[in-house]
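Here's the structure we're looking at; comments come further down.
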Amino acid sequence: MPTSGPVPGVRSITARLAEELSVGEHQVAAAIHLLDEGSTVPFIARYRKEVTGSLDDGQLRTLEERLAYLRELDARREAVLASIEEQGKLTDELRAALVAADTKARVEDIYLPYKPKRRTKAQIAREAGLEPLADRLLADPNLVPEEVAGEFLNENVADAAAALEGARHIIIERASEDAELVGATREKFWSEGSLRTAPFSEEAAKSPAAQKFRDYFEFSEPLEQMPSHRVLAVLRGEKEQALSLTFDGGEDEAYQAMIAQALGIDMTSPAPATPWLATTVRLAWRAKLMISASVDARIRLRQRAEEDAVAVFARNLKDLLLAAPAGTRTTLGLDPGFRTGVKVAVVDGTGKVLETCAIYPHQPQKQWDQAKATLGALIARHGVELIAIGNGTASRETDALASELIADIRKSGANPPIKAMVSEAGASVYSASAYAARELPDLDVTVRGAVSIARRLQDPLAELVKIDPKSIGVGQYQHDVTPGSLARSLDAVVEDAVNAVGVDLNTASVPLLARVSGVTESLAEAIVAHRESTGPFRNRKALLDVPRLGPKAFEQCAGFLRIRDGEDPLDASGVHPESYPVVRRILDRAGVTLAELIGDTRTLRTLKPAEFADDRFGVPTVTDIIGELEKPGRDPRPAFSTATFAAGVEKVADLKPGMILEGVVTNVAAFGAFVDVGVHQDGLVHVSAMADRFVSDPHEVVKSGQVVKVKVVDVDVDRQRIGLSLRLNDEPDKGKRNDRRDGGQNRNQNRGGGQRNKGGNSGGNKGGNNRGNKGGRRDQPMGSMAEALRNAGFGR
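In the UniProt record's numbering, the protein residues as written are 1 to 796.
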């Protein structure tokens, strides 16, 4: 929230944000105004380009986040100024320092000496009249401490030793509350310090639980160079009481020299007070400043690691949400299993459940032919066009069943359905959710998973929004980062993805509608209830008949909601209703009807947007409108394609170096990408094997859900590890040069988050994947760090 009033001298938030984003102040001011009015980022980015100077959604997300921070900073600055002024200690110099402070940490450093606190030993010493003693010793090191201390004895100070101890506490507190000194030692500690790890105890080192961290029993790395995956790994080890962490800032003498300089002490002077003053300086470092610098380094290290982990998760989630939809085709969903059987669900093109059952083709029942006959009958009865197979337990065996069935159908002269492997990550979370119980009340929890798998193939976005993003399983350390920051980032990703694609108003579920700009969950429920009671919406204006959906909500959501085959063809497009008059002007100029103009690329590309712009709708909006008329309601997602897994390659032991296979990218980390080649265990394409050029970010080359061709370059059956390369001309032995110290070991693949527990929980790899070591070369031989990360639960 805005502060009660600006602090004189402080640069405006608008100016600071404009500088940070390298845009004009008028653009920032306009965006802030719209956000404060309740507009969403997708709405502003799409429909207010003239107002903001075409700030995109990425810039607006950054602006929104920094706006909140800077407002909090200004509010805290104002509160600190008021507190110090109330104490009667606010000087012009102090005010100037607070005005110049550009971070919350800096404000708190300056405020520290004036912050109300419990009585300290230094305070008690001041109350005993010992501050003049401290001042005299600092001012004149030629004094003999024991002699001058004798002048300050009183009923609260028994002897010279007690007087000197009190004076020392006062000097140490001064050093620890010197904002400039604290900031300087903090930055030096961060830039030159390192983190050392050791076993939590001798007894702990011998425990089986601690053995997974054994490669960190003697480990050290510079703070600035330590990659995020190692930071989170050692922090987990500390949390599990397997590791002890020590933050080392380097040579103590350098810090002590900084403290001495700040206090005006000459550590080399032969004066009588120098030894006493030098001891005071050493204690100030060891007992105060070193501890605060260590705490700050820990906070900064974790914060940086979390930011990296959240960024990886958000990028992968976006790729998964925007994966190619198979479309509105009747789909057979198979949720594989051995003992409990394969759950089967057939859904029509809209996702409506047509029929469900269970088959038992695998051990122990081994009813192969009967299962195949059951599936064949379902396919014939419902005209199934797609088969979606969950990629968990028994997936390859079930895939083999589907392949045999498809071959039989093809031999009969009929057109067989297309099969595809679908990620099960989070399916069990959905199945057991309250929403699934309301949506599919007549189905058993286990069968709901098959329905979800089928719908995921039809439209990944529409189905995945029903699941908490953290449970989708494409993250990096999602269980080790602060839940709030992760949730905010992922919610923004989901919101942007949903609004980029658009939502069919007459078929969308409550969870999908709730992600539309301006639509809350309660409003989404009201929209669905209205739709069910009055029938499908025939035009966008009918939204205003929904209870509690007022003009502001309509403004925010209408452009992102689509009505197919409605009364107005524009309602199926991304043209906002407020812009319909612009379309009418275009029609009048072109002398054609709307039906004739839509899709008429030749005519539309002759139009000049500037000729239809006015005070409200400028060239950017008109340009977007013409683009929408060319391809109304176009889906920005790629065309649907599937990977074909090699026949006879069903387990890691079946892989041989040199094989070229098709696979699907399941996850992208900073050090490479994991690819499912159909053997229940993802292989790793290390970043060094992604292209014939240097790749700094694997996302430049691949994204989650992408179908790729890879070469097998390294197979370790015992460890269930697979080395892959996107460079199909690579020699197999080159795979061994992948730097697995950077988290390059393969996951015990749960398709993004742990082997799915058929009982209803999505468990497994709590660590996700690992960030590559940005500080080192990417083509070094494998090291023991991979083993350390794997044992710690990362990158399985």
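We put the beta carbon where it would ideally sit given N, CA and C, even for glycine.
>> Can you find the residues in the same chain that come closer than 7 Å, C-beta to C-beta, to A590, ignoring five residues on each side of it along the sequence?
In response: L597 and T603
>> Measuring straight from C-alpha to C-alpha, what distance separates K206 and S194?
In response: 26 Å
> Is the number of C-beta pairs between the segment 480-488 and the segment 402-411 that are closer than 8 Å three or more?
Replying inline: no
> When the Cα of G376 is compared with those of Q365, P364 and I359, which residue comes out closest?
Replying inline: I359
> K206 by DSSP, collapsed to three states: which one?
Replying inline: coil
> Taking C-alpha atoms, which residue in H26, A18, L67 and V10 lies nearest to L35?
Replying inline: L67
>> Using 8 Å as the threshold, is the C-beta distance between V675 and G658 below it?
In response: no
>> Please state the DSSP three-state secondary structure of residue 798.
In response: Since the first residue shown for the chain is 1 and the last is 796, residue 798 is missing from the structure and cannot be characterised.
>> For the pair the segment 167-185 and the segment 216-230, tell me if three or more CB-CB distances fall below 8 Å.
In response: no
> Among residues of its own chain, excluding the 5 on either side of A162, which ones have a beta-carbon nearer than 8 Å to its beta-carbon?
Replying inline: none
> If you pair each beta-carbon of the segment 307-323 with each one of the segment 274-292, do three or more pairs fall below 8 Å?
Replying inline: no
> Considering only residues of the same chain and omitting the five flanking positions on each side of S4, which have a CB-CB separation below 6 Å?
Replying inline: The predicted position of S4 is uncertain, since its pLDDT is 47 and thus under 50; a value taken from the coordinates is nonetheless stated next. Contacts found: none.
> Of all the options A380, A75, R515 and F152, which has the alpha carbon lying nearest to the alpha carbon of V99?
Replying inline: A75
> Going by the beta-carbon positions, is the gap between T52 and Q27 smaller than 8 Å?
Replying inline: yes
>> Tell me whether the segment 166-175 and the segment 132-139 touch, counting them as touching only if at least three CB pairs, one residue from each stretch, are closer than 8 Å.
In response: yes
> Which first and last residues belong to the beta strand (DSSP E) in which T331 is found?
Replying inline: T331 to D335
> Between I364 and P336, what straight-line distance do the alpha-carbon atoms span, to the nearest angstrom?
Replying inline: The sequence shown places Pro at residue 364, rather than the Ile named in the question. Distance between the alpha carbons of P364 and P336: 14 Å.
>> For A558 and R540, I'd like the C-alpha separation in whole angstroms.
In response: 7 Å
>> In whole angstroms, give me the CA-to-CA distance for V344 and F537.
In response: 33 Å
>> Between which two residues does the beta strand (DSSP E) holding P222 run?
In response: F219 to P222
> Taking contact to mean at least 3 C-beta pairs separated by less than 8 Å, is the segment 610-625 in contact with the segment 291-311?
Replying inline: no
> DSSP three-state call for S269: helix, strand or coil?
Replying inline: coil
> Cβ atoms of M690 and V701: under 8 Å apart, would you say?
Replying inline: yes
>> Taking only three categories from DSSP, how would you classify I722?
In response: strand
> In this structure, what does DSSP give as the bridge partners for I359?
Replying inline: V342
>> Using the Cβ count rule (16 or more neighbours within 10 Å means buried), how would you classify F694?
In response: exposed
> Using the C-alpha atoms, what's the distance from K121 back to D252?
Replying inline: 24 Å
>> Quick check: the Cα distance between D57 and P42, rounded to an integer number of angstroms?
In response: 6 Å
>> Using only the alpha-carbon positions, how far apart do R741 and S573 sit?
In response: Low confidence applies here, because R741 scores a pLDDT of 39, under 50, leaving its location unreliable; read the following figure in that light. Going from the Cα of R741 to the Cα of S573 covers about 49 Å.
> Does the pairing of the segment 631-638 with the segment 646-655 give three or more beta-carbon distances under 8 Å?
Replying inline: no
>> I want to know whether the segment 553-571 touches the segment 500-519 - three or more CB-CB distances under 8 Å.
In response: yes
> Which whole runs of the alpha helix (DSSP H) in the segment 357-440 are 4 residues long or more, in chain order?
Replying inline: 368-382, 395-411, 427-431 and 434-439
>> What does the alpha-carbon distance come out to for the pair P417 and A402?
In response: 10 Å
> Q458: which of R531, L549, R396 and G333 sits nearest, CA to CA?
Replying inline: G333
> With C-beta atoms as the reference, is residue 856 less than 8 Å away from A414?
Replying inline: The shown model of the chain, from 1 to 796, leaves out residue 856, and the question about it has no answer.
> To which residues of the same chain is T330 closer than 8 Å at the C-beta, ignoring the five residues directly before and after it?
Replying inline: V346, V347, D348, G349, L354, H382, G383, V384, E385 and L386
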